[in-house]
Amino acid sequence: MSNGINLEPSWLDELHKEFNTPNFLALKNFLQSEKTAGKRIYPPGNQIFAALNHTAFNDVKVVIIGQDPYHGPNQAHGLCFSVKEGVSIPPSLRNIYREIQSEYKDLGVDWSIPETGFLQHWADQGVLMLNAVLTVEAGKAGSHHSKGWEPFTDAIIDCLNQKKEELVFLLWGGYAKKKGRYIDRNKHLVLESGHPSPLSANKGHWFGNGHFIKTNQYLSQKRVSTINW
1405 MSNGINLEPS WLDELHKEFN TPNFLALKNF LQSEKTAGKR IYPPGNQIFA ALNHTAFNDV
1465 KVVIIGQDPY HGPNQAHGLC FSVKEGVSIP PSLRNIYREI QSEYKDLGVD WSIPETGFLQ
1525 HWADQGVLML NAVLTVEAGK AGSHHSKGWE PFTDAIIDCL NQKKEELVFL LWGGYAKKKG
1585 RYIDRNKHLV LESGHPSPLS ANKGHWFGNG HFIKTNQYLS QKRVSTINW
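Heads up, the sequence shown is in the numbering used here, so the first residue is 1405 and it goes up one at a time.
What follows is the structure in structure tokens.
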């Protein structure tokens, strides 16, 4: 990560001060030292800010908050829950697909589960797919927690909360709920449920939450174009 952050212009306008904070400079030094030590970091450097680069500030309609990137080879590409083309669909995303399929089935619509886990088409429609932590060491889940990403992504959420209205925030699992605890429920729709991971989903905390149809119903009520899931 160089001093010149390669970021979508509207987000750079909103966040430029964050890149000069002691917290972010410490984070940058940490990442550089990890790379110097020969550690493999996911996602690749040019994809760390993919969530912001694919969904401009003015285009955000929906925010999905994840935890940290996938730590397996060729999986993470900067959008939470999404994996690159040709990579096996992870269990959490498979459960997301199953929930969407079930919700559409209840409406009498046949929605086929995709063969790919690549979700950039969501981002391109205004779904900000933001992990709380934007990097991870290969093979070590959670390895970059508390290294400085959390205050940065808190600033993103705070900016959206304060400067925009009538967004939908999807908070899945305890971590995301805590991350979104200060979102103004009077300005935005906040939908919460368990995490789509098999452990949570199989205990009945995920399936049946109705979040995808509820999101589109809210957007439609606000006369905003809905998401083609």
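Every residue gets a Cβ at the ideal spot worked out from N, C-alpha and C, and that includes glycine. Please read these numbers as outputs of a predicted model, since none were measured by experiment.
Asked	Found
Whole-angstrom C-beta distance between Phe1522 and Ser1486, which should lie under 8 Å	6 Å
Residues near Lys1581 by beta carbon distance below 6 Å, same chain, minus five either side	Leu1575, Glu1596
Nearest candidate by alpha-carbon position, reference Asn1565, set Lys1465, Lys1421, Glu1503	Lys1465
With 16 other Cβ atoms within 10 Å as the buried cut-off, status of Glu1507	buried
Start and end residues, beta strand (DSSP E) containing Ile1468	1466–1470
Coil, strand or helix - Phe1556 by DSSP	helix
Close-in-space but distant-in-sequence residues of the same chain around Phe1453 (CB under 6 Å, 5 per side omitted)	Leu1411
Inter-residue spacing [alpha-carbon to alpha-carbon] between Ala1542 and Thr1440	15 Å
Bounding residues of the alpha helix (DSSP H) (the contiguous stretch that carries Asn1535)	Asn1535 -> not in any alpha helix (DSSP H); beta strand (DSSP E) instead, spanning 1531–1535.
One or two residues paired with Val1594 in a DSSP bridge	Phe1573
Three or more C-beta pairs below 8 Å linking the region 1544–1563 and the region 1502–1520	no
Distance between Gly1470 and Ser1601 (C-alpha atoms, nearest Å)	12 Å
Buried or exposed by the 16-neighbour rule on C-beta atoms within 10 Å, applied to Ile1517	exposed
Gly1614 beta carbon less than 8 Å from that of Ala1605	no
Straight-line Cα distance separating Thr1557 from Phe1423	12 Å
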